[in-house]
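In UniProt numbering, the protein residues as written are 1 to 469.
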RNA sequence: GGCGGUAUAGCCAAGUGGUAAGGCAGAGGUCUGCAAAACCUUCAUCGUCGGUUCGAAUCCGAUUACCGCCUCCA
C-alpha cells in the first residue's frame with residue numbers, strides 16, 4: 001500500500017487516485033532562460049522516479065510539466081543577449097529536452113508553454129475578477145489573497161504574520177497598486193517594447209502563478225492527484241496556485257502535494273540556485289560525468305531530504321552503479337552454459353527481496369531502502385552466478401528483476417560483454433598459453449587488452465571480459 | 001519576527017519505543033598460476049543537557065550548529 005508525504009497535511013497518507021488505474025500529476029517545470037542546473041535536475045529526477053514507480057505499480061500516469069517561457073528574467077536575458085524572448089525560450093527548451101533525455105527522464109505526456117495558453121489565462125483571470133477574487137489596478141490584475149479563506153494552509157503561514165519584504169525582492173511600484181501587500185499579480189501590464197499580448201486590461205503578460213493553475217486544470221482537470229515541485233515553490237507559488245484554482249472552480253485543486261528537497265553545495269550546505277550563482281549545470285556536468293552516474297547519485301537520498309553535491313558522493317555513486325553493472329554482466333555471462341530449468345528456492349528468495357523493495361518504495365518512495373534491496377538481489381545473483389551448475393530460468397528471473405528495480409531510478413542495466421571477434425581470438429590464444437603454463441605470454445595478452453580498456457576475468461566457466469569505462 | 005528542514009561510523013545513508021539496515025573506503029580471509037570479479041569476517045550507541053519509561057537514535061522539555069521559505073528560485 002503506497003503512502004506519500006502530503007505537504008498539505010504534513011503527514012504520510014495512503015495514496016488513492018481519483019481513477020483507480022490512472023494518476024494525473026502536474027510538476028512545475030523550469031523558467032527557460034538558462035541551462036538547467038542539478039537542482040532543477042533533482043526535481044525532474046525525483047518526480048520522474050515517482051512517476052516510474054507509479055507505472056511499476058501498474059498505474060497509467062498522465063504527466064504534465066510546464067515551461068515558463070515568459071517572465072521578467074526571460075525579458076532581461078533576451079535583452080542582454082540581443083535576442084527575443086521566444087527565441088531564447090526555444091533554445092533553452094531544446095537544451096532542457098536534451099539534458100533530461102541524457103539523464104533518462106521519461107518525456108512528459110505534455111509540456112505546455114505559458115505563451116501557448118494566453119487566451120485560457122485571460123479567461124481564467126476574467127472569471128476570478130467576476131467572482132470578486134481579483135481586481136484590476138492600472139493595467140495589472142491582482143488576486144485578493146485574504147479573500148481566499150485557506151490562504152497560507154499549504155505552507156502553514158498565518159496571513160497576518162507574513163512579513164512584507166522579508167525576501168528583499170519587493171517591487172515598490174507594484175506595492176502601491178495592491179490593496180493588500182500579500183496580494184499577487186495575475187496579469188502584468190507591459191512596459192514599452194516588452195513582449196505582450198492584448199487583454200481586457202491592456203497589453204501585458206501573465207503573472208507567474210496563473211499559468212500553472214490554467215494548464216493544470218486545462219490538461220488534467222479541476223482536481224488532480226499529485227502536484228509536485230521543489231520545496232522553494234511551497235510558498236508563494238503553490239499557495240497561490242491553490243488560491244486561484246479553488247477560487248475559480250470551487251473544487252479541491254490537488255489531492256497530494258509533493259515537494260522535493262534541495263541540492264546543497266559547499267561546506268555550509270547552501271542551497272544551489274540560479275539566483276545565488278552557485279550552480280552547476282547538467283549540460284556541463286555530463287561532459288565529464290556519465291549521465292547515469294548523476295542519475296544514480298540522485299537516488300541515493302530520499303527525495304524530500306537535502307542532498308549534498310560533491311565529487312566524492314558522485315564517485316561513490318559511480319562505484320555502486322558499477323557494482324550493479326558487474327553483477328548484471330556476470331549473470332548474463334552464465335547464460336551461455338546454464339541448463340534449462342528453475343531453482344525454486346532461489347526464486348523464493350528473489351520474490352522475498354522484491355516484496356521488500358516494494359515495501360520500501362511504498363513508504364513515500366524511499367529510494368535508499370529500495371536500493372538496499374537491489375544490492376541484496378545483486379549479491380544473491382553474484383552468489384548464484386558462482387555455482388557450478390546454474391539454471392537458465394532463474395538467471396533470467398534475476399536479470400529481469402534487477403532491470404525492473406533499477407529502471408524505476410532511471411537506470412538501464414545491460415551486459416558489458418558484446419560479441420567481438422578480435423578480442424575473442426586473443427582470449428583463445430591466451431587460453432592456449434595458459435594450458436601450456438606460458439604465463440608470461442598469458443599476462444602479456446591481458447596487458448595488451450587492458451591497454452585497450454578491456455579487462456579479462458578468468459572463471460571456472462571460461463574467460464569473460466568487460467570494458468573499463 | 002513567523003513558518004519549515006537538517007544533525008546517526010572516515011564518507012554516503014536507513015531506522016519514530018525493544019536494544020543501531022545497506023553501500024563506499026579501511027583491515028583480515030576464501031577463490032586464482034598471478035590477477036580481476038565475487039563472497040565471508042570485521043568496523044558506531046545516534047549534536048548537547050535534562051525528563052518520561054522496565055527499555056529511547058526514536059516520546060517530552062531545553063539547548064547548540066547549519067540550511068531554507070516569507071511574493072525571482074526545483
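For glycine and all other residues, C-beta sits at the position ideal for the given N, C-alpha and C.
Check                                                                                                                                                              : Outcome
Classify residue 391: buried if its beta carbon has 16 or more other beta carbons within 10 angstroms, exposed otherwise.                                          : buried
Given a threshold of 16 other Cβ atoms within 10 Å of its Cβ, counted over all protein chains shown, does residue 351 qualify as buried or as exposed?             : exposed
Output the boundary residues of the alpha helix (DSSP H) element that contains residue 402.                                                                        : 392-407
Determine the closest residue to residue 42 out of 272, 223, 152, 21, with distance taken between C-alpha atoms.                                                   : 272
Under the DSSP definition of a beta bridge, which residues are partnered with residue 458?                                                                         : 463
Contact check, residue 357 vs residue 373 under 8 Å by CB: the rounded distance?                                                                                   : 4 Å
Along the chain, where does the alpha helix (DSSP H) that runs through residue 51 open and close?                                                                  : 38-56
So which of 31, 175, 163, 294 has the shortest CA-CA distance to residue 102?                                                                                      : 294
Taking only three categories from DSSP, how would you classify residue 362?                                                                                        : helix
Excluding the 5 residues flanking residue 441 on each side, which residues of the same chain have their C-beta closer than 6 Å to its C-beta?                      : 433
Could you please give the first and the last residue of the uninterrupted beta strand (DSSP E) stretch that includes residue 375?                                  : Careful: residue 375 lies outside any beta strand (DSSP E), inside the alpha helix (DSSP H) at 367-385.
To the nearest angstrom, how far is the alpha carbon of residue 447 from that of residue 289?                                                                      : 26 Å
Where does residue 422 sit, in a helix, a strand or coil, going by DSSP?                                                                                           : helix
Do the stretch 261-269 and the stretch 59-76 meet, that is, are 3 or more Cβ pairs less than 8 Å apart?                                                            : no
Hey, how far is the Cα of residue 76 from the Cα of residue 50?                                                                                                    : 35 Å
So, residue 209 versus residue 227, is the Cβ gap smaller than 8 Å?                                                                                                : no
So, with DSSP's three-state summary, where would you put residue 438?                                                                                              : coil
Out of 147, 148, 133, which has the shortest C-alpha to C-alpha gap to residue 141?                                                                                : 133
Of all the options 143, 254, 136, 83, which has the alpha carbon lying nearest to the alpha carbon of residue 195?                                                 : 83
Would the beta-carbon of residue 239 fall within 8 Å of that of residue 151?                                                                                       : yes
Per DSSP, what kind of secondary structure is residue 206 in: helix, strand or coil?                                                                               : strand
Can you tell me where the beta strand (DSSP E) with residue 172 in it begins and where it stops?                                                                   : Residue 172 -> not in any beta strand (DSSP E); alpha helix (DSSP H) instead, spanning 172-177.
Residue 154 and residue 8 - do their beta-carbons sit closer together than 8 Å?                                                                                    : yes
Alpha carbon to alpha carbon, how far is residue 182 from residue 243?                                                                                             : 12 Å
If you run the structure through DSSP and keep just helix, strand and coil, what is residue 470?                                                                   : The question about residue 470 has no answer here: the residues shown for the chain are numbered 1 through 469.
How is residue 270 classed by DSSP in three states: helix, strand or coil?                                                                                         : strand
So is residue 173 buried or exposed if we call it buried at 16+ other beta carbons inside 10 Å?                                                                    : exposed
Apart from the five residues on each side of it in sequence, which residues of its chain come closer than 7 Å, Cβ to Cβ, to residue 397?                           : 347, 350
Report the three-state DSSP secondary structure of residue 133 (helix, strand or coil).                                                                            : coil
From residue 74 to residue 414, what distance separates their C-alpha atoms?                                                                                       : 41 Å
Nearest-angstrom Cα distance between residue 34 and residue 92?                                                                                                    : 6 Å
Give me the Cβ distance between residue 188 and residue 207, rounded to the nearest whole Å; I'm assuming they're in contact under 8 Å.                            : 6 Å
How would you write the range of the alpha helix (DSSP H) that residue 247 sits in, first residue to last?                                                         : 239-249
In the structure shown, what three-state DSSP assignment does residue 330 receive?                                                                                 : helix
So the candidates are 402, 121, 250; which of them puts its Cα closest to the Cα of residue 186?                                                                   : 121
Kindly provide the ranges of any alpha helix (DSSP H) runs that are 4 or more residues long and lie completely inside the stretch 95-133, ordered along the chain. : 118-130
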